[in-house]
Amino acid sequence: MKGRPCGVFDIRYSQDMAILRTKTHWALFILFLVSLFVVPTFLNGHILSLGVIIGTTMISMFGVQIMIGYTYQITLGHAGFVGFGAYVSALLMHHLGWNFFFALPMAGLGAALYGLIIGTSSLRCKGLYMVIPTISSHFIFFYLANEVFRKWTYGSDGIECGMPVLFGFAFDSDLRYFYLVAVISVLLGIVAKNLVRTKTGRAFVAIRDNDIAAEVMGIDIFRYKLLSFAIGNFYAGIGGALWGHYVGYINTEFFPILDSVYYAAFCVVGGLGSIMGAVFAAFFWRLLGEGINYVAPLLDAILPMSAGNIISSMGLIIFAVLTILFLIFEPRGIAHRWELFKQSYRLHPFNY
Amino acid sequence: MKVRMRWLHIVLIDLVVVGLTVLALVAIPSFVSRAEAAKPTIRHYLIIDLTGPYGILVPTLWEGMLDYYTLINEQGGIDGHPIKLIWGETGNMMARTWSHYKRFKRAGAQLLWLASSPDGEALKKTLVRDKIFCPLNYGQSDPQLYPPAWTYIDGPSYGDGFGAFLRMAKANWDKEGKKGKMKVGIIGPDVAYGRAALEPGQRFGKKIGVDVVGQEFSPVVPIDVTPQILRLKDKGVDWIWLQGLPQIATVFMKNMKSLGLQGKINVAGFWWVTGAEMLRRIGADFSEDYIFNSYNYLPQVEKDHPGIRKAVKMRQKYHGKDPDEMYIRSVRATQFVIELTRRTLRKYGYNELTAENYMSMMETFSGWNTPWDLGSPFTITPNDRRTAKKMLFYQVKGGKIVRYSDWIDAPHLYPEKMSHLFEK
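Pasting the structure below:
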């Protein structure tokens, strides 16, 4: 019964499957939801903006988690898929006048379709070798946006992303947009959490752990790998579209290859193979960036003679060092520490 | 007891992680706050990429800005008002740009500097919506300029700079009595600033009888640009224009040398890839004959210029080293913004240092030059918002930089579809 709250015993299948197992869980979840909608009314635009950034990153990170964490389809082209989704949505609104709420799912589906095409390479590649087609996908995205569809995307000049409006209600402030992103993040988080507990999710995990064994067990590896690509990139597309419409304008420079590296690296920091890991990854990445935003001027104040040189490399160094430290000391990521914390709490006062 | 200790251990580690985050978010900003002076402080804001792709160039530019603000404060501020530049670094991550922007907006920013094309392009509409004035962006790409908004640029646009080059090269071509049509090709990345020379250049080239044959694109950080060079060679170009940052230019110059084309096809580039930058990164041998433009004097060449001497003194004082060309460029730009602030302050008073009032004072600059005369004088009009309209050309010769031309007029090459906005 390890991992169950003390004294909680499952007597029905539905109990065994439940995510929220106790009244305390439900209370905490309801408290979380209430807080999510009440607390923002007291927050300023800067914090809300940070919330939007974390939310959109989190959605994209769910995709990375499904691909890398659950299926071990390593992707270093995720920023390209994020950008693909952002462009699909922007194009549909800009040229065809679609409503955002129709364009948004199309952004996800567009990125999923693009992911399916790139994912076909998983028939021949696996593991680390998937880095090559996924990096290529990033450059193909650039080529498509800047050259092939230049007439519609306006190439590197960029394209404006319209504002989401629902029945006349415009999401035109930080607070409104935060609510939009919060709702979609929570919904997609729940979907992701449940997805990995289904037959499909278990097939992903089987492929991740040992694809030959999975095949022997009758899992159609290629199909599930493609599915993983499609679902993972669906999330990327949704995250990208939400981000693009928040900023109001995109061009391909907004989706640099380095972001793809960060997606993969911070997924490790957050914790591979865990949806909470994606949540932690998004928070950690964006809050770390925010921390650096504050530390850099502080260094300038303390070391005015040399701060330029230090600051010029600080962000990259901190991001890299933290990733390395996590790989050495906590390869299972922040999510693992969270699990330890929860287990200790649940077992208290017993030690096993 | 053992269980309790283990539990405590885990809690403690988690608390440390949370604590560090909270420290970064809350404690540090208050830690850096300083005592207020007698007269209220004027605050300007800056968003800059020091660690991303633009970090290769802008740190000294940023130092120049900070140094000049410090100097002004040491001289008593602007009419007794201390002036502070509050800045944020982005690493060229739009999420961080956005976070800084929201923070600055909340702090009541009326004047925001920017330092890269992507930031200017992304924030253009938002700045208008939020009524925040961006007097100068060091990125000079068209999407942030046209149609005009609340974002201005430092110097001419990239297209205008290329136009000045075409004008200069064509004049030399005619002077030397060369026959046929001069052909120019461009190499640059497929981003807004990388493409900025092409369309206006082709338009202007047609006007003055130069064939701008097209552009070869390269990655922002290429390993090799040999195919691009060979394709331009096949088109018979007399000149290749570099519209990319040093990551491209240095690779390009090495490839030119190894192809034996150095000196056979002339090479010129824009002001982010100066000869000084080339000499620093790839040395004299690869940089020989390279020509580049600048809208400010170069400290490596105009050593006896009084303004340059003042800049040398300033950087020596604050950093113990000589200024480079980026430093001079930023001092020039900062002098303009300080003067703009002074004029706005004198006309409207401290409490009315609003974005709209700042912007209304832009057109009071007529035939104005910076106090240290670091570039050419300029006039800002509703139809022409550039803070530099003339270019100098320099060349690398024998491992040194020498002046190649006198001031050349930079044509105003706004997009044709925008002509109704400019040809009143």
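Just so you know, the sequences run in chain order A and B.
Here the numbering used here is used: the first residue of the first sequence is 16, the next is one more, and so on.
Here the numbering used here is used: the first residue of the second sequence is 7, the next is one more, and so on.
Note that the Cβ used here is the ideal one computed from N, Cα and C, for glycine as well.
Beta-carbon of A:T72 versus every beta-carbon of chain B: anything under 9 Å?
Locating residue 72 of chain A in the first sequence gives position 57, counting from the first residue. Taking Cβ atoms only, chain B reaches closer than 9 Å to A:T72, which makes this a yes.
Taking Cβ-Cβ distances shorter than 7 Å, what residues in chain B pair up with A:A311?
Mapped onto the first sequence, residue 311 of chain A falls at position 296. The contacting residues are E95.
Tell me which same chain residues have a C-beta within less than 6 Å of the C-beta of B:G194, skipping the five on either side of it?
For the purposes of this step, residue 194 of chain B is taken as the residue at position 188 of the second sequence. Answer for B:G194: G200, Q249, G250, listed in chain order.
Return the CA-CA distance between A:M32 and A:D25, expressed in angstroms with no decimal places.
Stepping through the first sequence from its first residue, residue 32 of chain A is reached at position 17. Stepping through the first sequence from its first residue, residue 25 of chain A is reached at position 10. Looking at the two C-alpha atoms, the distance is approximately 9 Å.
Classify B:D148 as helix, strand or coil using the three-state DSSP reduction.
Looking up residue 148 of chain B in the second sequence gives position 142. Helix, per DSSP.
Do you know how far the Cα of A:L119 is from the Cα of A:A256?
Mapped onto the first sequence, residue 256 of chain A falls at position 241. Mapped onto the first sequence, residue 119 of chain A falls at position 104. Whole-angstrom Cα-Cα distance: 6 Å.
What residues of chain A sit near B:H50, judged by a beta carbon separation below 9 Å?
Locating residue 50 of chain B in the second sequence gives position 44, where the first residue counts as 1. Those do not exist, as B:H50 stays about 14 Å from chain A at its closest Cβ, beyond 9 Å.
Can you have a look at B:P59 and say buried or exposed, based on whether 16 or more other CB atoms are within 10 angstroms of its CB?
As a working note, residue 59 of chain B is residue 53 in the second sequence. Result: buried.
First and last residue of the beta strand (DSSP E) that includes B:H50?
Here residue 50 of chain B corresponds to residue number 44 of the second sequence, with the count starting at 1. Run containing B:H50: 48-54, per the beta strand (DSSP E) assignment.
Starting from A:L51, trace the alpha helix (DSSP H) in both directions and tell me its first and last residue.
Within the first sequence, the letter at position 36 stands for residue 51 of chain A. Start and end: 38-53.
To the nearest angstrom, how far is the alpha carbon of B:S36 from that of B:A113?
In the second sequence, counting from the first residue as 1, residue 36 of chain B sits at position 30. In the second sequence, counting from the first residue as 1, residue 113 of chain B sits at position 107. Residue placement at B:S36 is flagged as unreliable, the pLDDT there being 47, under the threshold of 50; the coordinate-derived value follows with that caveat. Going by the C-alpha atoms only, they are around 14 Å apart.
Do you know offhand how far B:K316's Cα is from B:M365's?
Here residue 316 of chain B refers to the residue found at position 310 when the second sequence is read from its first residue. Here residue 365 of chain B refers to the residue found at position 359 when the second sequence is read from its first residue. Looking at the two C-alpha atoms, the distance is approximately 29 Å.
Using the rule of at least 16 other Cβ atoms within 10 Å of the residue's Cβ for burial, across every protein chain shown, is A:M16 buried or exposed?
Walking along the first sequence from the start, residue 16 of chain A turns up at place 1. Here the model assigns A:M16 a pLDDT of 43, short of 50, so the residue's position is not dependable, and the following value carries that caveat. Label assigned to A:M16: exposed.
Going along chain B, which residues have a C-beta under 9 Å from A:H40?
Against the first sequence, residue 40 of chain A aligns to sequence position 25. Those within 9 Å of A:H40 in chain B number zero; the least Cβ separation is about 19 Å.
Using a Cβ-Cβ cut-off of 6 Å (strictly less than) and excluding sequence neighbours within five positions of A:Y192, which residues of its own chain qualify?
Translated into positions along the first sequence, residue 192 of chain A becomes position 177. Same-chain partners within the cutoff: V67, F186, Y261.
Suppose you measure from the CA of B:Q341 to the CA of B:T376; what does that come to, to the nearest Å?
The sequence position of residue 341 of chain B within the second sequence is 335, counting from 1. The sequence position of residue 376 of chain B within the second sequence is 370, counting from 1. Cα to Cα, the separation comes out at about 6 Å.
Could you tell me whether the segment 296-307 of chain B touches the segment 379-399 of chain B, using the rule of 3 or more Cβ pairs below 8 Å?
Yes, the segment 296-307 of chain B touches the segment 379-399 of chain B.
Tell me which residue opens and which closes the beta strand (DSSP E) that B:L248 is part of.
Here the question's residue 248 of chain B lines up with position 242 in the second sequence. Its beta strand (DSSP E) spans residues 245-248.
Measure the C-alpha to C-alpha separation of B:K176 and B:A44 and round it to an integer number of angstroms.
Within the second sequence, the letter at position 170 stands for residue 176 of chain B. Within the second sequence, the letter at position 38 stands for residue 44 of chain B. Near 57 Å, if we compare the C-alpha coordinates of B:A44 and B:K176.
How would you call A:Y239, buried or exposed, if buried means at least 16 neighbouring beta carbons within 10 angstroms?
Taking the first residue of the first sequence as 1, we reach residue 239 of chain A at position 224. Flag for A:Y239 reads buried.
Alpha carbon to alpha carbon, how far is B:I34 from A:L314?
What you label residue 34 of chain B is simply residue 28 of the second sequence in a count that begins at 1. What you label residue 314 of chain A is simply residue 299 of the first sequence in a count that begins at 1. Low per-residue confidence applies at B:I34: pLDDT is 48, beneath 50, and the placement is therefore not dependable, though the value from the model is reported in the following sentence. Going from the Cα of B:I34 to the Cα of A:L314 covers about 11 Å.
Could you give the DSSP three-state label for B:M332: helix, strand or coil?
Within the second sequence, residue 332 of chain B is the residue found at index 326, counting from 1. B:M332: helix per DSSP, three-state reduction.
Report the neighbours of B:D240 on chain A: residues whose CB is nearer than 9 Å to its CB, in chain order.
For this step, residue 240 of chain B is matched to residue 234 along the second sequence. By Cβ distance, chain A contributes nothing, its closest Cβ being about 21 Å from B:D240, past 9 Å.
Would you mind working out which of B:T47, B:K239, B:P417, B:K187 sits nearest B:H87, comparing C-alpha positions?
Walking along the second sequence from the start, residue 87 of chain B turns up at place 81. Checked all of B:T47, B:K239, B:P417, B:K187; the closest Cα to B:H87 is B:T47.
Quick check: B:G211 and B:V227, are their CB atoms within less than 9 Å of each other?
For this step, residue 211 of chain B is matched to residue 205 along the second sequence. For this step, residue 227 of chain B is matched to residue 221 along the second sequence. No, Cβ-Cβ distance for B:G211 and B:V227 is not below 9 Å.
Looking only at C-alpha atoms, which of B:K90, B:V218, B:D310 sits nearest to B:K241?
One-based indexing of the second sequence puts residue 241 of chain B at position 235. Measuring from the Cα of B:K241, the nearest candidate turns out to be B:V218.
Name the DSSP beta bridge partners of A:A293, please?
Here the question's residue 293 of chain A lines up with position 278 in the first sequence. DSSP lists no partner for A:A293.
Would you give the residue range spanned by the alpha helix (DSSP H) that B:S366 belongs to?
Locating residue 366 of chain B in the second sequence gives position 360, counting from the first residue. Start and end: 361-366.
Counting only beta-carbon atoms, is B:E331 nearer than 9 Å to chain A?
Within the second sequence, numbered from 1, the residue matching residue 331 of chain B stands at position 325. Judged by the 9 Å Cβ criterion, B:E331 is not in contact with chain A.
Hey, how far is the Cα of A:N225 from the Cα of A:E354?
For this step, residue 225 of chain A is matched to residue 210 along the first sequence. For this step, residue 354 of chain A is matched to residue 339 along the first sequence. Roughly 24 Å between the two C-alpha positions.
I need the boundaries of the beta strand (DSSP E) containing B:A274, first residue and last residue.
As a first step, residue 274 of chain B is located in the second sequence; it is residue number 268 there, counting from the start. Note, B:A274: beta strand (DSSP E), 272-275.
Please identify, using Cβ separations under 7 Å, the residues of the segment 122-141 of chain B that lie next to chain A, in order along the chain.
Flagged, chain order: P124, E127, A128, K131, T132.
I'd like to confirm the pairing. Which residues does DSSP put opposite A:A185 in its beta bridges?
As a first step, residue 185 of chain A is located in the first sequence; it is residue number 170 there, counting from the start. The partner list for A:A185 (beta bridge, DSSP) reads A:V180.
Look at the alpha carbon of A:L342 and the alpha carbon of A:A279, and state the distance between them as a whole number of angstroms.
As a first step, residue 342 of chain A must be located in the first sequence, where it is residue number 327. As a first step, residue 279 of chain A must be located in the first sequence, where it is residue number 264. The straight-line gap from Cα to Cα measures roughly 13 Å.
Applying a beta-carbon distance threshold of less than 9 Å, which residues of chain B neighbour A:I174?
Position 159 of the first sequence, counted from the first residue, corresponds to residue 174 of chain A. What A:I174 touches in chain B: nothing, since even the nearest Cβ is about 10 Å away.
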